[in-house]
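Let me begin by presenting the structure, written as structure tokens, before commenting on it.
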Amino acid sequence: GQSLEQPSEVTAVEGAIVQINCTYQTSGFYGLSWYQQHDGGAPTFLSYNALDGLEETGRFSSFLSRSDSYGYLLLQELQMKDSASYFCAALSGGSYIPTFGRGTSLIVHP
Amino acid sequence: DGGITQSPKYLFRKEGQNVTLSCEQNLNHDAMYWYRQDPGQGLRLIYYSQIVNDFQKGDIAEGYSVSREKKESFPLTVTSAQKNPTAFYLCASSMVGSMNTEAFFGQGTRLTVV
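If you read the sequences in order, they're chains C and Y. Taking our numbering, I'd label the letters of the first sequence as residues 1 to 110. Taking our numbering, I'd label the letters of the second sequence as residues 1001 to 1114.
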């Protein structure tokens, strides 16, 4: 089967940097995506990594190491509005269907 | 504006009743998905479809049914066979195959069995 592991909760203070890790076990892995979801809302896409290395998009960056089956989402200059759940999702298999992790709840304190 | 629309936002169902959740998209995406979200469980795949008139079971398809008669629409029926249907249901769409790097989600339907 396929599985993704990420921490259940991470806390940080405003202005800090936080890293959310994701390890995966999938067959036919193609790439790793990250999504943000505020309480009761729709998940929204943040980033996608198909190749090893760091992808930067504003305050958010995402990293992938295919050899380690590992990725992370890096959030810089944290703001209160960044308090949300963050999901990693692996695209794998012949159908490229996203399989999601259980999500990490990020709590940003003043 | 292009997007994906789910309705209703809240739905109450009596035990033993079937109920259908609507999902419509105007993004011209071939692939559509239904996920179920429970607290602490993440998103679990119920069904997906990559082309009209074809769909596949996901990880938790028991007690659910779908249809894909039009590219834009992918309704989900929660049947009375689903033992624990109270959950938040999310519909998504994307391009297919290697072009699928981003899924677009609807705002979800929160189903409660009363």
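Think of the CB as a built atom: it goes at the ideal place given N, C-alpha and C, for glycine as much as any other residue. All values reported here derive from a predicted model rather than from experimental measurement.
**Report entry** Counted within 10 angstroms of its Cβ, other Cβ atoms place ASP112/C as buried (16 or more) or exposed
**Finding:** In this structure chain C extends from 1 to 110, so residue 112/C is not present and cannot be described.
Query raised in the report: So ARG102/C and GLY1042/Y are in contact, right, with Cβ under 8 Å, and what is the actual spacing, rounded?
Result: 4 Å
Query raised in the report: Do the CB positions of SER135/C and SER85/C come within less than 7 Å of each other?
Result: Chain C is shown from 1 up to 110; residue 135/C falls before or after that span and cannot be answered.
Query - C-beta neighbour in chain C for LEU1043/Y, strict 7 Å - result: yes
Requested in this report: Using a threshold of 7 Å, state whether the C-beta atoms of LEU1111/Y and PRO1085/Y are closer than that.
Outcome: yes
Query raised in the report: Taking the alpha carbon of LEU4/C as the point to measure from, which residue in GLN79/C, GLU14/C, TYR70/C has its own alpha carbon closest?
Result: TYR70/C
Query raised in the report: Any beta-carbon of chain Y closer than 7 Å to the one on PHE63/C?
Result: no
Report task. Name, please, each residue of chain Y whose Cβ falls closer than 7 Å to the Cβ of GLY103/C. Result -> GLY1042
Query raised in the report: Does ASP1101/Y come within less than 7 Å of chain C when only Cβ atoms are used?
Result: Contrary to the premise, residue 1101/Y reads as Thr rather than Asp in this sequence. For THR1101/Y, the answer is yes, since a Cβ of chain C falls inside 7 Å of its Cβ.
Requested in this report: Compile a chain-ordered list of the residues in the region 33-57 of chain C whose CB is closer than 9 Å to at least one CB of chain Y.
Outcome: SER33, TYR35, GLN37, GLY40, GLY41, ALA42, PRO43, THR44, PHE45, TYR48, ALA50
Report task. Could you tell me if ILE97/C is buried or exposed, where buried requires 16 or more neighbouring beta carbons within 10 angstroms of its beta carbon? Result -> buried
**Report entry** Beta-carbon neighbours of LEU73/C, restricted to chain Y and to distances below 9 Å
**Finding:** Residues of chain Y passing the Cβ test: none, with the nearest at roughly 15 Å.
Query raised in the report: Which class does SER1098/Y belong to by DSSP, given the choice of helix, strand or coil?
Result: helix
Report task. Below 7 Å CB to CB, which residues in the same chain sit around ILE1051/Y once its five sequence neighbours on both sides are set aside? Result -> ASP1030
Query - Closest Cα partner of HIS109/C within the set ALA90/C, VAL13/C, SER8/C - result: VAL13/C
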